[in-house]
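See structure below.
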Amino acid sequence: AKQKAPESEVAGHANVFVFPELQSGNIGYKIAQRLGGFEAIGPVLQGLNKPVSDLSRGSVEEDVYKVAIITAAQALM
């Protein structure tokens, strides 16, 4: 965003991470969540015909709720 739209409010402040496959995505967002103290919602899978999300067995009710909202919103697009 910093190169494409330097005047943008998000220029240089990434809040989305893209990983090549599910396993590295899980590792990356768990590190951000647990070590960085960030709120992490996901993973959200992209490039499929329908919206798909994947939750771990350790997900709590709030995680399921947030991912369900994102997946439902994607289905409406």
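Everything in the sequence shown is counted per the UniProt record's numbering, starting at 1 for the first residue and increasing by one. A virtual CB, placed ideally from N, CA and C, is assigned to each residue, including glycine.
DSSP beta-bridge partners of residue i
| i | result |
| --- | --- |
| Leu76 | DSSP output for Leu76 lists no bridge partner at all. |
Spatial distance of residue i from residue j (CA atoms)
| i | j | result |
| --- | --- | --- |
| Gln46 | Glu61 | 23 Å |
| Asp63 | Ala5 | 32 Å |
### Message
Is it the case that the segment 62-72 contacts the segment 38-51, given that we only count it when at least three CB pairs across the two stretches are under 8 Å?
### Response
Because the criterion of three Cβ pairs below 8 Å is met, the segment 38-51 and the segment 62-72 touch.
### Ordered list of beta strand (DSSP E) runs contained in the UniProt domain "Phosphate acetyl/butaryl transferase" (1-72), each at least 3 residues
Entirely contained in the UniProt domain "Phosphate acetyl/butaryl transferase" (1-72), not one beta strand (DSSP E) run reaches 3 residues.
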